[in-house]
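**Student:** Residue numbers (the UniProt record's numbering), protein chains in the order written: chain A, 1 to 177; chain B, 1 to 177.
There are 2 protein chains.
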Amino acid sequence: MDFKIRPARKEDCKDVSRMIMDLAVFENVADQVKISHEELERDGFCQNPLFECLIAEVPEEHKSKDGFTVVGYALYFYTYSTWKGRSVYLEDLYVMPEFRGNGIGKGLLSKVAEIGKEKQCVRLQLSVLDWNTVAREFYATRGALDLTETEGRHLLRFEQLNMDKLAKGASKERSFD
Amino acid sequence: MDFKIRPARKEDCKDVSRMIMDLAVFENVADQVKISHEELERDGFCQNPLFECLIAEVPEEHKSKDGFTVVGYALYFYTYSTWKGRSVYLEDLYVMPEFRGNGIGKGLLSKVAEIGKEKQCVRLQLSVLDWNTVAREFYATRGALDLTETEGRHLLRFEQLNMDKLAKGASKERSFD
Numbered sequence: 001m002d003f004k005i006r007p008a009r010k011e012d013c014k015d016v017s018r019m020i021m022d023l024a025v026f027e028n029v030a031d032q033v034k035i036s037h038e039e040l041e042r043d044g045f046c047q048n049p050l051f052e053c054l055i056a057e058v059p060e061e062h063k064s065k066d067g068f069t070v071v072g073y074a075l076y077f078y079t080y081s082t083w084k085g086r087s088v089y090l091e092d093l094y095v096m097p098e099f100r101g102n103g104i105g106k107g108l109l110s111k112v113a114e115i116g117k118e119k120q121c122v123r124l125q126l127s128v129l130d131w132n133t134v135a136r137e138f139y140a141t142r143g144a145l146d147l148t149e150t151e152g153r154h155l156l157r158f159e160q161l162n163m164d165k166l167a168k169g170a171s172k173e174r175s176f177d
Numbered sequence: 001m002d003f004k005i006r007p008a009r010k011e012d013c014k015d016v017s018r019m020i021m022d023l024a025v026f027e028n029v030a031d032q033v034k035i036s037h038e039e040l041e042r043d044g045f046c047q048n049p050l051f052e053c054l055i056a057e058v059p060e061e062h063k064s065k066d067g068f069t070v071v072g073y074a075l076y077f078y079t080y081s082t083w084k085g086r087s088v089y090l091e092d093l094y095v096m097p098e099f100r101g102n103g104i105g106k107g108l109l110s111k112v113a114e115i116g117k118e119k120q121c122v123r124l125q126l127s128v129l130d131w132n133t134v135a136r137e138f139y140a141t142r143g144a145l146d147l148t149e150t151e152g153r154h155l156l157r158f159e160q161l162n163m164d165k166l167a168k169g170a171s172k173e174r175s176f177d
């Protein structure tokens, strides 16, 4: 199937927002999604965007059963390793189920790697859920190391409430000079 | 013990670089550190810095046995959640062993949370190694969720070689319009 991969434009945010929700439904966490397409437009298409995004698009004649031509996305941003330097982090990679098996996911992933290299990134990181064996195999086949399995690396999160508590404990900047 | 926490300045990068190496030695991966203080200066103190850093400093009379007054650091950057929006990621938090037990680690963590909140971040994330029980307890006590345990989230990495292979597979931007 013919498809193309291109940088997302502001007007793609409705499609990206729709697919973010599809992915959250698949991961059984639809209730966690608090981001609207307006927020994606604001955060991704400003002076210093908080993320970058690629989309996969099919021609009109191959549109989805619901009439969509934007059928996949990869959303990523830049991070930093104190061992290696600039890195790229793939937050989401998604292809609509009816379009899988056509190399679209591979195309999106490769493009993120290519863009990362252009920006001097030395590694590409992401996270997967352990029960998502299709995704785990997809990445493992292409050489991804599972740092949770090989190094015992665990991902931790302070949600808003506990982050607020931490912040309240911050002391004013002190000086002893 | 008296200490203060303040934003790192360019001239602190030698101290930060020294402690990055201390932390890597503790994690048994000293051979992985490829970053010099010159690179930290370039990447953290430019027009669009790739990270931000706080340091903990003690008065001259409490300097370390090797003569250091910069005794801890927290290095962090901003990321993006497609469910929640702007987030902060704590890449490293370190306090020199001889200064532990004085609230310096807690002070650094709280300050990162406070800065994150000022920047409208809704969550604070980080990773820990499973055998580092002291760190895991430190974060758990303060309300961090272990996403690897609760959700089965695994962290994956493409190192440079496999990232290069991926990038080589990226097709030129195609058009069917």
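Think of the CB as a built atom: it goes at the ideal place given N, C-alpha and C, for glycine as much as any other residue. Remember, it's a predicted structure, so these values are computed and weren't measured experimentally.
1) CA-CA distance, A/Lys-34 and A/Ala-170?
2) So, A/Met-108 versus A/Leu-54, is the Cβ gap smaller than 8 Å?
3) Is B/His-37 close to chain A? Criterion is C-beta to C-beta, closer than 8 Å.
4) Here's the rule I'm using: 16 or more other beta-carbon atoms within 10 Å means buried, otherwise exposed. How should B/Val-25 be labelled?
5) Can you tell me whether A/Lys-10 is buried or exposed? The criterion is at least 16 other CB atoms within 10 Å of its CB, across all chains shown.
6) Since A/Ser-36 is in the beta strand (DSSP E), which residue starts that stretch and which ends it?
7) Measure the Cβ-Cβ separation of A/Met-163 and B/Ala-113 and say whether it is below 8 Å.
8) Could you please tell me which residues of the region 66-87 of chain B, in chain order, have their CB closer than 8 Å to any CB of chain A?
9) Taking the alpha-carbon positions, what's the B/Pro-7 to B/Ala-167 distance?
10) Extract the residue ranges of the alpha helix (DSSP H) inside the region 89-154 of chain A, only unbroken runs of 4 or more that lie entirely within it.
11) Would you mind giving the Cβ-Cβ distance between B/Tyr-89 and B/Tyr-73, rounded to the nearest angstrom? I have them listed as a contact below 8 Å.
12) To the nearest angstrom, how far is it from the Cα of B/Asp-66 to the Cα of B/Gln-160?
13) Could one say the Cβ of B/Thr-141 lies closer than 8 Å to chain A's Cβ atoms, at least one of them?
14) Taking the alpha helix (DSSP H) that A/Cys-13 falls in, what are its first and last residues?
15) So B/Lys-168 is in the alpha helix (DSSP H); what residue range does that whole segment cover?
16) Checking contacts by CB at 8 Å: is B/Met-163 closer than that to chain A?
17) Any beta carbon of chain B sitting closer than 8 Å to that of A/Phe-158?
18) Under a Cβ-count criterion, where at least 16 other Cβ atoms within 10 Å of its own Cβ denotes burial, should B/Thr-133 be classed as buried or exposed?
19) For B/Asn-102, return the contacting residues in chain A, with the cut-off set at a CB-CB distance below 9 Å.
20) For A/Lys-4, which residues of its own chain have a beta-carbon under 6 Å away from its beta-carbon, when the five flanking residues on both sides are left out?
21) Once you ignore the five residues that flank B/Leu-147 on each side, which residues in its own chain have a CB closer than 6 Å to its CB?
22) Are the C-beta of residue 179 of chain A and some C-beta of chain B separated by less than 8 Å?
23) Do the region 114-124 of chain B and the region 97-105 of chain A make contact, defined as three or more Cβ pairs closer than 8 Å?
24) Classify B/Val-29: buried if its beta carbon has 16 or more other beta carbons within 10 angstroms, exposed otherwise.
25) Closer than 8 Å by beta-carbon distance: list the chain B residues that pair up with A/Gln-125, in chain order.
26) Taking 8 Å as the CB-CB cut-off, is A/Val-25 touching chain B?
27) Let me check one thing: in DSSP terms, what residues is B/Phe-45 bridge-paired to?
28) Can you have a look at residue 188 of chain A and say buried or exposed, based on whether 16 or more other CB atoms are within 10 angstroms of its CB?
29) Taking all protein chains shown into account, decide if B/Glu-91 is buried (16 or more other Cβ within 10 angstroms of its Cβ) or exposed.
30) Under 7 Å Cβ to Cβ from B/Glu-27, same chain only, skipping five residues before and after it: list those, please.
**Tutor:** In this structure, then:
1) 28 Å
2) With the sequence shown as reference, residue 108 of chain A is identified as Leu, and Met is not the correct amino acid for it. In this structure, A/Leu-54 lies closer than 8 Å to A/Leu-108 by Cβ.
3) no
4) exposed
5) exposed
6) Per DSSP, A/Ser-36 belongs to no beta strand (DSSP E) and is neither H nor E.
7) yes
8) Leu-75, Phe-77, Tyr-78, Thr-79, Tyr-80, Ser-81, Thr-82, Trp-83, Lys-84, Gly-85 and Arg-86
9) 36 Å
10) 104-118, 133-141 and 147-150
11) Going by Cβ atoms, the distance from B/Tyr-89 to B/Tyr-73 rounds to 15 Å, so no, they are not a contact pair.
12) 36 Å
13) no
14) 13-26
15) 160-168
16) yes
17) yes
18) exposed
19) Within 9 Å Cβ-Cβ: nothing; B/Asn-102 doesn't reach chain A, min ~13 Å.
20) Glu-57
21) Arg-153
22) The requested residue 179 of chain A does not occur in the structure, where chain A is confined to residues 1 to 177.
23) no
24) exposed
25) Leu-155, Leu-156, Arg-157 and Phe-158
26) no
27) In DSSP, B/Phe-45 forms no bridge with anything.
28) Any answer about residue 188 of chain A is impossible in this case: the structure gives chain A only from 1 up to 177.
29) buried
30) Leu-129
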